[in-house]
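> Take the sequence shown: its position 306, counting from 1, is numbered 305 in numbering that gives the first Met the number 0, and each next residue is one higher.
Structure incoming, see below.
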Amino acid sequence: MKIALVHDYLTQRGGAERVFELLCRHFPSADIFTSLYDPQQTIELGDRLVHTTLLQKLPGATKYFRLLAPFYYPAFRALDLQKYDLIISSSTSFAKAVRTRSDAKHICFCHNITRFLWDTQTYLREYADYQHLYPFIEKMFRVMRKADLAYAQEPDLYIANSTEVAGRIQSTYSKQAIVVNYPIDNSKFSFSDQKEDFFLVSARLLGYKRVDVIIDAFNQLGWPLKIMGDGPEREHLERRAKSNVEFLGYISDAERCHLMAKAKAVVVAALEDYGLVPVEANASGTPVVSFGAGGVLDTQVPGQTGVFFNKQTASSLQAALVRSQQIEWDYQYIRNHALSHFSEPVFFQKIHQVINQIYPAQTINQNSFVPSIS
């Protein structure tokens, strides 16, 4: 069986890209496709050949990839995947549109519906350019929504990373999805029960991540906060923050691992579709203080692995942070819960069960994937 792995664009390193990295490692003989590829800014693919679209030839495309939104659907439709029996797309937007052979099967790991089209005000609320250009952009988005709905019918089967996302796929695309919670790469996280005096954020600095809420809460508390990640909101957020808030930008995996293990808690204020960061924190033995909606409802045990707050406000978050400090956390339990529920072996066992359901007479050749080891 010949397999193609397809991702929206490989120009950054977020949760969706980390899941795609696991898929690439698990299927070492699969061919990799994406619209744009910047090896310096994204996941580690070694010497694997990455097939890109014509958009790769545009000057500055990998840096300003968000501005190319109207062109991704035709770019993916132009990819030639006719020789592949199984196409596994990893998508929050465009990769689900790939054209496949009539007898091939297409499984879409849908990290979310195309959020900037269907939740536009939330997703783009902090972009000043969006506000100024709203009349033009909204006309374009109306056209793109029609295309998104049409191309969402292409996959034969959807896998959602959470019950939250499965519900969105059903309500927006009228497609059912199998829920398989995404795993973390255990090897990239180390355990420590010796916590240091700081809290941690790990997020791309985009408006919907609501890092502004976190900064406002810590500005008032005066507690030390470290923020890992970068993005278009960084300058605005730095102006907002007081001296107890430190911006680290992009850091190495080794430093990220260290900070995850040593933080008092990892703080998440976004309504996450799934959210790998809370699971990664737990795998490090670190509790999570999170907005109590979306994917964390699938991954966190309140009072045992994390604490929820119910409003995306500084005061609601502050109350949760204070509660988190009053709990005597069992750091080993936190780690064990993450590894037993969200490990690679558990994940890929479920994935192969799904693949065997749609290929009942032909399972994947054992040489085409790398078995996951606990």
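No residue lacks a Cβ here, since even glycine has one placed at the ideal position from N, Cα and C.
(1) Mind the definition here: the region 104 to 112 touches the region 151 to 166 only if three or more C-beta pairs lie below 8 Å; say whether that holds.
(2) Does the contact criterion of 3 or more C-beta pairs under 8 Å hold for the region 26 to 33 versus the region 2 to 9?
(3) Closer than 7 Å by C-beta to residue 250: which residues in its own chain qualify, once you throw out the five before and the five after it? Chain order, please.
(4) According to the Cβ coordinates, are residue 303 and residue 332 closer than 8 Å?
(5) Is it the case that the region 231 to 250 contacts the region 267 to 278, given that we only count it when at least three CB pairs across the two stretches are under 8 Å?
(6) Less than 8 Å between C-beta atoms, sequence neighbours within five positions excluded: which residues of the same chain meet that for residue 83?
(7) Using the C-alpha atoms, what's the distance from residue 203 back to residue 225?
(8) Distance check for residue 153 and residue 206, CA to CA, integer angstroms please.
(9) State the Cα-Cα distance for the pair residue 197 and residue 137, rounded to the nearest angstrom.
(10) With 16 as the cutoff for other CB atoms within 10 Å, does residue 390 come out buried or exposed?
(11) How long is the line joining the alpha carbons of residue 72 and residue 94, rounded to whole angstroms?
(12) Taking only the alpha-carbon atoms, compute the straight-line gap between residue 214 and residue 319 and give it to the nearest angstrom.
(13) Determine the direct distance from the alpha carbon of residue 132 to that of residue 373, and round the result to whole angstroms.
(14) In angstroms with no decimal places, state the Cα-to-Cα distance between residue 106 and residue 218.
(15) Give the straight-line distance between the Cα atoms of residue 67 and residue 211, rounded to the nearest whole angstrom.
(16) So, are the CB atoms of residue 20 and residue 182 less than 8 Å apart?
(17) Quick one: what does DSSP say residue 87 is sitting in, helix, strand or coil?
Walking through what the data contain:
(1) Taking 8 Å as the limit for Cβ pairs, the verdict is that the region 151 to 166 does touch the region 104 to 112.
(2) yes
(3) Indexing the sequence shown from 1 puts residue 250 at position 251. If the five residues before and after residue 250 are omitted, its C-beta is found closer than 7 Å to the C-beta atoms of 227, all from its own chain and listed in chain order.
(4) Sequence index remark: in the sequence shown, residue 303 carries index 304 (1-based). Sequence index remark: in the sequence shown, residue 332 carries index 333 (1-based). Cβ atoms of residue 303 and residue 332: closer than 8 Å.
(5) Segments in contact, no.
(6) Counting from 1 along the sequence shown, the entry for residue 83 is found at position 84. Only 1, 2, 3, 30, 99, 100, 103 meet the Cβ criterion.
(7) Residue mapping note: residue 225 aligns to position 226 of the sequence shown, counting from 1. Residue mapping note: residue 203 aligns to position 204 of the sequence shown, counting from 1. If I take the Cα positions, the gap works out to 13 Å.
(8) Position 207 of the sequence shown holds residue 206. Position 154 of the sequence shown holds residue 153. Residue 206 and residue 153: Cα-Cα distance of roughly 30 Å.
(9) Counting from one through the sequence shown, the residue named residue 197 turns up at place 198. Counting from one through the sequence shown, the residue named residue 137 turns up at place 138. Looking at the two C-alpha atoms, the distance is approximately 42 Å.
(10) The chain is shown only over 0 to 373; residue 390 falls outside these bounds and no answer can be derived.
(11) Numbered from 1 along the sequence shown, position 73 holds the residue referred to as residue 72. Numbered from 1 along the sequence shown, position 95 holds the residue referred to as residue 94. Approximately 8 Å between the Cα atoms of the pair.
(12) Here the question's residue 214 lines up with position 215 in the sequence shown. Here the question's residue 319 lines up with position 320 in the sequence shown. Cα to Cα, the separation comes out at about 14 Å.
(13) The residue you call residue 373 lines up with position 374 of the sequence shown. The residue you call residue 132 lines up with position 133 of the sequence shown. Unreliable placement is indicated for residue 373, whose pLDDT of 39 sits below 50; the coordinate value is still reported in the next sentence. In a straight line, the C-alpha of residue 373 is about 50 Å away from that of residue 132.
(14) For the purposes of this step, residue 106 is identified with residue 107 of the sequence shown, where counting begins at 1. For the purposes of this step, residue 218 is identified with residue 219 of the sequence shown, where counting begins at 1. Distance from the CA of residue 106 to the CA of residue 218, rounded to the nearest whole angstrom, comes to 45 Å.
(15) By 1-based counting over the sequence shown, the position of residue 67 is 68. By 1-based counting over the sequence shown, the position of residue 211 is 212. Going by the C-alpha atoms only, they are around 27 Å apart.
(16) If you number the sequence shown from 1, residue 20 lands on position 21. If you number the sequence shown from 1, residue 182 lands on position 183. Note that the C-beta distance between residue 20 and residue 182 is not below 8 Å.
(17) Within the sequence shown, numbered from 1, the residue matching residue 87 stands at position 88. Residue state, collapsed to three classes: strand.
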